[in-house]
Amino acid sequence: MHWTAWFVKARGGASLQYSAIRRDTLHYTGPMKTITQRELAARSKAVLDDVEAGETYHVTRNGVEIAEVRPLETRRRRFVPVEELQREWRNAPRVDHAAMRAEADAFFGDEDRVGEQDDPWGKPGG
């Protein structure tokens, strides 16, 4: 969803009134909201609450989209269970090592192109 919004300060400064015009649009996998940089600064708590609930906002400055505020992807795991790795590896394509070596030799040639003089870990001077 695109939102065109503005704030009106009530007389006496007692409260802020929020008015919005909703325009639907699809972005990536679902609806999103567009707000100005000023709106983000004024409503940061409400915007972040919406983001925490799964909303995505595009932030504009001078009518140009400059940023996207969205929920973080699922957190990266530090460890993957062995069973999950085995399940994934079972579905991986088989590697024909002899064919892979033959293809590399055909592309690069079969001569050793790195000599002792090119060894970066060799002893200096020889």
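Sequential numbering of the sequence shown, starting at 1, is according to the UniProt record's numbering.
All C-beta atoms in this analysis are idealised placements derived from N, C-alpha and C, irrespective of residue type, glycine included.
C-alpha distance - residue i paired with residue j, whole-angstrom precision
i    : j    : result
R87  : H97  : 22 Å
A104 : V95  : 14 Å
V64  : A42  : 19 Å
G54  : W89  : 33 Å
H27  : S44  : Confidence at H27 is low in this model, with a pLDDT of 42, below 50, so the placement of that residue is unreliable and no value is reported for it.
R78  : E111 : 42 Å
P120 : P93  : 36 Å
F108 : E52  : 52 Å
Cβ-Cβ distance between residue i and residue j below 8 Å
i   : j    : result
Q37 : R70  : no
I35 : V47  : yes
E73 : T56  : no
H58 : M100 : no
Enclosing beta strand (DSSP E) for residue i [first to last residue]
i   : result
R61 : Y57 to R61
A67 : V64 to V69
Start and end residues, alpha helix (DSSP H) containing residue i
i    : result
E103 : H97 to F108
E52  : S44 to E52
R76  : Neither: R76 is in no alpha helix (DSSP H) and is coded neither H nor E.
W89  : V82 to R90
Any chain D beta carbon closer than 8 Å to residue i
i   : result
R70 : Considering every chain present, this structure includes no chain D. It has just one protein chain.
Chain-order list of residues whose beta-carbon lies under 8 Å from that of residue i (same chain, five-residue window excluded)
i   : result
V82 : none
Beta-carbon proximity list for residue i, same chain, < 7 Å, skipping 5 on both sides
i    : result
N91  : none
A106 : none
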